[in-house]
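S.K.: Below: one structure in structure tokens.
Number of protein chains: 2
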Amino acid sequence: MSAHADPDLPAGPADDFDPHVPGIEYGVLDTLVGYSVRRAQIVIYEDFVLTLAPWNITPQRFSALTVISRNDHLKLTQLARILGIARSGAVLLVDALAAMGYVERQPSVEDRRAYGLALTPKGVADLKAITEAVCEHDRRMASGLSADEARQLTRLLRLVAGPRA
Amino acid sequence: MSAHADPDLPAGPADDFDPHVPGIEYGVLDTLVGYSVRRAQIVIYEDFVLTLAPWNITPQRFSALTVISRNDHLKLTQLARILGIARSGAVLLVDALAAMGYVERQPSVEDRRAYGLALTPKGVADLKAITEAVCEHDRRMASGLSADEARQLTRLLRLVAGPRA
DNA sequence: TATTGTTATACTCTATAACTATA
DNA sequence: TATAGTTATAGAGTATAACAATA
Numbered sequence: 001m002s003a004h005a006d007p008d009l010p011a012g013p014a015d016d017f018d019p020h021v022p023g024i025e026y027g028v029l030d031t032l033v034g035y036s037v038r039r040a041q042i043v044i045y046e047d048f049v050l051t052l053a054p055w056n057i058t059p060q061r062f063s064a065l066t067v068i069s070r071n072d073h074l075k076l077t078q079l080a081r082i083l084g085i086a087r088s089g090a091v092l093l094v095d096a097l098a099a100m101g102y103v104e105r106q107p108s109v110e111d112r113r114a115y116g117l118a119l120t121p122k123g124v125a126d127l128k129a130i131t132e133a134v135c136e137h138d139r140r141m142a143s144g145l146s147a148d149e150a151r152q153l154t155r156l157l158r159l160v161a162g163p164r165a
Numbered sequence: 166m167s168a169h170a171d172p173d174l175p176a177g178p179a180d181d182f183d184p185h186v187p188g189i190e191y192g193v194l195d196t197l198v199g200y201s202v203r204r205a206q207i208v209i210y211e212d213f214v215l216t217l218a219p220w221n222i223t224p225q226r227f228s229a230l231t232v233i234s235r236n237d238h239l240k241l242t243q244l245a246r247i248l249g250i251a252r253s254g255a256v257l258l259v260d261a262l263a264a265m266g267y268v269e270r271q272p273s274v275e276d277r278r279a280y281g282l283a284l285t286p287k288g289v290a291d292l293k294a295i296t297e298a299v300c301e302h303d304r305r306m307a308s309g310l311s312a313d314e315a316r317q318l319t320r321l322l323r324l325v326a327g328p329r330a
């Protein structure tokens, strides 16, 4: 298994990526759909991390919290598959969210090997505020687009991500 | 300085990320522009790495080679800024490309501290084939879109990336 | 003083493989 | 035998800080 974080996307202290440095020729890069997506991803990632810094939440952590909240008794292996990471990575992720007081492992009744993941009361409460912050961030990212363009964008990206997306 | 690789984007052996696991509720994630971009980025990154595996070229390395080829005597510090990484990271990147026989450091005449980056003859030749492979990969990623939709997509992503993009 | 390239060091995130306890 | 969660280990990529040479 495995999915993908892009190891060579700027991961560090997200701060000041300039998608188009003045005076520089980008050649074929400017014509590629993939490079356009990459540029946008970097800019969005940076803003996301900065915006959610008060909660120490990354895009991946937000995805995990959201999926856990919307799917009762989600198992760790399922979470790993959804996020596209190895099970060992999911363990560390859940450990971190548990240490933050957001997630807890509940013993599964039908399978004593497994746990059902669930938000704690604090997790439920904070996720509400976190989700509001994320949505505000997302609106800011799309502020250069009309409502119709934003819908078009998500539709086109879905087509790129694949038939099943 | 710094820019951004997304540390929590699947970075590993890109292989089988499913942007929409059956039976799973994604909640608000399905409505976010940011998550749509993230999903597409993961899928595209995986395919890129697989396609370019014969050359051991990642998106970042391709960006570097392209920018170096299109901007004579590019300095290492400029490259770092363009890619959104620290200078120390650019050193390792150029080291790798040099070890692959693609890039060389040419002493700068006007500034004896600096080097001008340049492709080697092998770099020029291989970049041609690499670029063809990348373009084919990119067309495949956009194969679900009409030519007009693909143009729309890059236009909308440019708006997201920011005014200067 | 400031900047260029470099190095040393550490951090984060990831994967693979092996282990345990169940199924 | 196969699977769920875990742990150990290693790798890739990044950043910060300091350094020498030069501006």
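Residue numbers (our numbering), protein chains in the order written: chain A, 1 to 165; chain B, 166 to 330.
Idealized CB from N, CA, C, for every residue including glycine.
By the three-class DSSP mapping on this structure, what secondary structure does Val268 of chain B have?
M.R.: Strand, per DSSP.
S.K.: Using the beta-carbon of each residue, which ones in chain A are nearer than 7 Å to Asn236 of chain B?
M.R.: Per Cβ cutoff of 7 Å: Ile24 and Glu25.
S.K.: For Asp111 of chain A, return the contacting residues in chain B, with the cut-off set at a CB-CB distance below 8 Å.
M.R.: None at all; the shortest Cβ gap to chain B is about 17 Å.
S.K.: Just the Cα atoms here: how many angstroms apart are Ala90 of chain A and Val103 of chain A?
M.R.: Whole-angstrom Cα-Cα distance: 13 Å.
S.K.: Can you find a CB in chain B that lies within less than 7 Å of the CB of Gly144 of chain A?
M.R.: Yes, because at least one Cβ of chain B sits closer than 7 Å to the Cβ of Gly144 of chain A.
S.K.: Who does Tyr175 of chain A pair with in a DSSP beta bridge?
M.R.: With chain A running from 1 to 165 in the structure shown, residue 175 of chain A is simply not present.
S.K.: Does Asp303 of chain B come within less than 7 Å of chain A when only Cβ atoms are used?
M.R.: Taking Cβ atoms only, chain A reaches closer than 7 Å to Asp303 of chain B, which makes this a yes.
S.K.: Could you check whether the Cβ of Leu284 of chain B sits closer than 7 Å to any Cβ belonging to chain A?
M.R.: Not closer than 7 Å to any Cβ of chain A, the Cβ of Leu284 of chain B fails to qualify, so no.
S.K.: Count the other C-beta atoms from every protein chain shown that fall within 10 angstroms of the C-beta of Ala218 of chain B, then say buried if there are 16 or more, exposed otherwise.
M.R.: The residue is exposed, with fewer than 16 neighbouring Cβ atoms inside 10 Å.
S.K.: Name the residue from A:Val21, A:Tyr35, A:Ile82 and A:Arg70 whose alpha carbon lies nearest to the alpha carbon of Thr131 of chain A.
M.R.: Of the candidates A:Val21, A:Tyr35, A:Ile82 and A:Arg70, the one whose C-alpha sits nearest the C-alpha of Thr131 of chain A is A:Arg70.
S.K.: Apart from the five residues just before and just after Ile222 of chain B, which ones in its own chain have a Cβ nearer than 7 Å to its Cβ?
M.R.: Excluding positions up to five away in sequence, the list reads Ile295.
S.K.: Please report the distance separating the alpha-carbon of Asp260 of chain B from that of Ser311 of chain B.
M.R.: Roughly 40 Å between the two C-alpha positions.
S.K.: From the DSSP output, in three-state form, read off Met1 of chain A for me.
M.R.: Residue placement at Met1 of chain A cannot be trusted, given a pLDDT of 41 that sits under 50; the coordinates are not used to answer.
S.K.: Check whether the Cβ atoms of Pro184 of chain B and Arg204 of chain B lie closer than 7 Å to each other.
M.R.: Cβ distance < 7 Å, so Pro184 of chain B and Arg204 of chain B count as in contact.
S.K.: Does the stretch 235 to 245 of chain B come within contact of the stretch 301 to 319 of chain B, defined as at least 3 CB pairs closer than 8 Å?
M.R.: With a cut-off of 8 Å, the stretch 301 to 319 of chain B and the stretch 235 to 245 of chain B do not count as touching, because too few Cβ pairs lie within range.
S.K.: Name, in chain order, the residues that DSSP records as bridge partners for Leu324 of chain B.
M.R.: According to DSSP, Leu324 of chain B bridges with nothing at all.
S.K.: So which residues on chain A does Thr242 of chain B lean against when the C-beta distance must stay under 8 Å?
M.R.: The contacting residues do not exist; Thr242 of chain B stays about 11 Å from chain A at best.
S.K.: Does the beta-carbon distance from Ser63 of chain A to Thr319 of chain B come in below 7 Å?
M.R.: Contact: no.
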